[in-house]
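For the record, in the sequence shown the residue sitting at position 278 is 278 according to the working numbering, with numbers rising by one throughout.
Each residue gets a CB set at the ideal place from its N, CA and C atoms; glycine is no exception.
Report on one structure; see the data block that follows.
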Amino acid sequence: MKYDVTVIGSGPGGYVAAIRCAQLGLKTAIIEKYDTLGGTCLNVGCIPSKALLDSTEHYHNAETTFKEHGITITKPKVNLGQMIKRKNDVVKATCDGVDYLMKKNKIDVFHGIGTFKDKNTIVVAGKDKKEVQTDKVIIATGSKPTILPFIKLDKKRVITSTEALNLKEVPKHMIIIGGGVIGMELGSVYARLGSKITVVEFLDSIIPTMDGTMGKELQKATKKLGFEFYLGHKVVEVSAKGNVVSVKAESKKGETVEIKGVYCLVSIGRKPYTDGLGLENAGIEVDKAGRIEVDDHLQTKVAGIYAIGDVVKGAMLAHKAEEEGTFVAESITGQKPHINYLLIPGVVYTWPEVASVGYSEEQLKEQGRAYKTGSFPFKALGRARASMDIDGLVKVLADKSTDEILGVHIIGARAADMIATGVTAMEFRASAEDVARMSHAHPTYMEAVKEACLAATDNRPIHM
Ligand code: FAD
Ligand code: NAI
Numbered sequence: 001m002k003y004d005v006t007v008i009g010s011g012p013g014g015y016v017a018a019i020r021c022a023q024l025g026l027k028t029a030i031i032e033k034y035d036t037l038g039g040t041c042l043n044v045g046c047i048p049s050k051a052l053l054d055s056t057e058h059y060h061n062a063e064t065t066f067k068e069h070g071i072t073i074t075k076p077k078v079n080l081g082q083m084i085k086r087k088n089d090v091v092k093a094t095c096d097g098v099d100y101l102m103k104k105n106k107i108d109v110f111h112g113i114g115t116f117k118d119k120n121t122i123v124v125a126g127k128d129k130k131e132v133q134t135d136k137v138i139i140a141t142g143s144k145p146t147i148l149p150f151i152k153l154d155k156k157r158v159i160t161s162t163e164a165l166n167l168k169e170v171p172k173h174m175i176i177i178g179g180g181v182i183g184m185e186l187g188s189v190y191a192r193l194g195s196k197i198t199v200v201e202f203l204d205s206i207i208p209t210m211d212g213t214m215g216k217e218l219q220k221a222t223k224k225l226g227f228e229f230y231l232g233h234k235v236v237e238v239s240a241k242g243n244v245v246s247v248k249a250e251s252k253k254g255e256t257v258e259i260k261g262v263y264c265l266v267s268i269g270r271k272p273y274t275d276g277l278g279l280e281n282a283g284i285e286v287d288k289a290g291r292i293e294v295d296d297h298l299q300t301k302v303a304g305i306y307a308i309g310d311v312v313k314g315a316m317l318a319h320k321a322e323e324e325g326t327f328v329a330e331s332i333t334g335q336k337p338h339i340n341y342l343l344i345p346g347v348v349y350t351w352p353e354v355a356s357v358g359y360s361e362e363q364l365k366e367q368g369r370a371y372k373t374g375s376f377p378f379k380a381l382g383r384a385r386a387s388m389d390i391d392g393l394v395k396v397l398a399d400k401s402t403d404e405i406l407g408v409h410i411i412g413a414r415a416a417d418m419i420a421t422g423v424t425a426m427e428f429r430a431s432a433e434d435v436a437r438m439s440h441a442h443p444t445y446m447e448a449v450k451e452a453c454l455a456a457t458d459n460r461p462i463h464m
């Protein structure tokens with residue numbers, strides 16, 4: 001039998017692409033090298049990290065804010081084994097959900113490494129052994145952690161996010177190389193449980209790809225949790241001996257610091273994963289960064305072979321991969337879909353959460369665009385005071401003359417969910433005043449967005 005489409009990789013890019021292909025009437029197969037479906041996101045990424053973030057935030061609140069709320073409990077204890085077990089249960093249920101969706105949509109699943117024999121034949125080697133004949137192929141093989149060449153990753157003391165999601169003890173001291181999304185999220189997990197966290201970041205700011213205000217505010221909030229930061233420091237040596245890891249880093253002035261800890265988490269970004277795909281057998285090329293080259297339709301230079309998600313250019317985010325999966329399925333069937341990459345939101349699931357969409361202030365400055373800013377702090381909001389989540393602010397950037405919203409940046413409780421309003425407003429090209437004039441339920445965190453829009457419109461917030 002020949003399939004209309006074969007998807008290689010079952011992460012959020014691949015499984016969504018497969019479902020949309022099947023919905024559109026294409027006979028679809030999906031190949032996954034691991035035993036469970038769901039890719040990085042469901043198995044060792046988005047879902048397990050959020051499960052641990054939620055558990056540890058409960059613990060942190062029990063330790064810190066319950067008393068103030070008038071709840072007296074005996075000192076809570078961490079049962080890390082149970083936390084990890086619950087996380088594993090959540091992962092299993094979510095991966096099983098993808099299995100169910102494959103069956104429901106009559107998608108054939110093959111477990112094993114998929115390798116191109118030629119552009120229409122994929123050899124599956126592993127649990128299933130098969131040659132799959134196919135008209136079109138969607139490559140969705142994702143990414144793997146980047147490691148500095150001089151670092152020996154022993155996966156015991158010097159680890160990546162995958163191991164950090166499965167530790168058997170709460171580390172006394174975790175050194176984190178890279179103050180990006182993984183570093184700040186997993187650092188928060190262990191800081192809440194009592195670990196000392198030291199972040200060594202090459203640039204002068206943490207979460208450096210986001211609006212600068214967000215990095216500054218998140219640094220303030222996580223310092224309260226006990227995070228220690230070495231910004232503008234380049235790691236030059238990492239060694240592990242017995243139970244001790246040592247990280248040497250150089251400041252811009254050339255001064256060297258040596259930090260000793262128990263674990264070192266390396267989170268300096270991820271790189272596209274194409275090992276074992278046999279791209280050369282199909283005539284597909286990768287760029288200098290190892291990303292599969294695609295055109296605006298996400299098609300490689302070989303007609304009928306597409307690539308999506310972390311393995312191609314753009315943000316390495318699950319929802320970006322999903323949009324691309326849908327985009328390719330619809331393109332294949334003759335539709336004219338569209339993705340607005342500027343409006344893919346970015347979220348850091350720390351507490352407070354950070355969420356952004358559109359341009360950052362730094363990007364607008366670089367473009368020389370005339371803009372205005374409106375900000376509103378959560379501490380001025382009744383709802384935030386009621387729940388004791390007063391850290392953070394909403395920052396809205398709007399065009400100076402037209403008032404069109406150009407960027408929304410939120411750091412605060414529930415920012416991850418609130419950013420959807422920024423996406424909606426920007427998709428419909430709303431002005432700051434459009435949003436400011438809409439009724440926002442009281443008392444809610446969303447009122448801070450309205451107030452920031454009032455501030456951006458003509459500096460007339462009500463509650464500040
Ligand atoms: P992947 O999810 O990486 O899936 C690729 C799949 O392809 C894998 O299952 C792999 O086994 C399989 N594969 C590879 N080669 C072959 C082959 N030759 N044959 C068969 N199968 C193959 N993003 C968010 O948006 N929100 C978050 O909260 C978030 N949290 C994260 C937390 C962590 C700790 C990490 C590491 C990542 C997180 N991400 C998050 C990023 C997100 O996981 C990725 O952007 C997303 O998984 C990319 O999806 P994908 O489909 O492109 O690839
Ligand atoms: P990242 O790109 O977010 O952060 C890496 C950080 O490491 C950057 O701040 C960078 O300046 C720094 N860095 C790079 N080289 C360094 C060096 N030699 N020494 C010190 N610092 C160095 O990458 P991260 O955190 O590894 O995450 C990988 C990807 O996974 C992210 O790009 C993100 O897209 C995705 N992800 C998304 C999440 C979310 O959406 N909430 C959560 C976790 C991961």
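From the DSSP output, in three-state form, read off residue i for me.
i, result
"residue 409", "strand"
"residue 267", "coil"
"residue 34", "coil"
"residue 363", "helix"
"residue 174", "strand"
"residue 12", "helix"
"residue 298", "coil"
"residue 84", "helix"
"residue 188", "helix"
"residue 398", "strand"
"residue 454", "helix"
"residue 428", "coil"
"residue 201", "coil"
"residue 169", "coil"
"residue 206", "coil"
"residue 358", "strand"
"residue 342", "helix"
"residue 196", "strand"
"residue 393", "strand"
Name the DSSP bridge partner or partners of residue i?
i, result
"residue 21", "Looking at the DSSP assignment, residue 21 forms no beta bridge with any residue, so it has no partner."
"residue 145", "270"
"residue 444", "Paired residues: none, contrary to the question."
"residue 150", "BP columns for residue 150 are empty, so no partner."
"residue 111", "32"
"residue 241", "244"
"residue 251", "233"
"residue 118", "121"
"residue 100", "According to DSSP, residue 100 bridges with nothing at all."
Nearest by alpha-carbon distance to residue i: which of the options is it?
i, options, result
"residue 45", "66, 146 and 182", "182"
"residue 184", "115, 216 and 5", "216"
"residue 31", "8, 52 and 47", "8"
"residue 250", "260, 142, 282 and 201", "201"
"residue 119", "252, 281 and 394", "281"
"residue 423", "404, 368 and 358", "358"
"residue 269", "433, 310 and 298", "310"
"residue 409", "247, 330 and 214", "214"
"residue 104", "15, 248 and 6", "15"
"residue 106", "18, 279, 69 and 114", "18"
"residue 35", "230, 96 and 430", "96"
"residue 197", "224, 90 and 207", "224"
"residue 85", "460, 165, 315 and 113", "165"
"residue 425", "417, 98, 435 and 418", "435"
"residue 291", "137, 141 and 317", "141"
"residue 319", "1, 401 and 12", "12"
"residue 83", "59, 101, 257 and 102", "59"
"residue 348", "57, 117, 415 and 325", "415"
Rounded to whole angstroms, how far is the Cβ of residue i from the Cβ of residue j, which I believe are closer than 8 Å?
i, j, result
"residue 262", "residue 127", "37 Å between Cβ atoms; not a contact."
"residue 160", "residue 328", "Residue 160 to residue 328, Cβ: 29 Å. No contact."
"residue 132", "residue 122", "5 Å"
"residue 403", "residue 457", "6 Å"
"residue 195", "residue 170", "6 Å"
"residue 52", "residue 87", "5 Å"
What span of residues does the alpha helix (DSSP H) with residue i cover, start to end?
i, result
"residue 55", "46 to 64"
"residue 212", "212 to 224"
"residue 321", "318 to 332"
"residue 162", "161 to 164"
"residue 387", "382 to 387"
"residue 282", "279 to 282"
With residue i as the anchor, note down where its beta strand (DSSP E) starts and where it stops.
i, result
"residue 258", "256 to 261"
"residue 376", "371 to 377"
"residue 307", "305 to 307"
"residue 130", "130 to 139"
Answer with yes or no whether the minimum CB distance from residue i to chain D is below 8 Å.
i, result
"residue 205", "Looking for chain D here will not work: only one protein chain is present."
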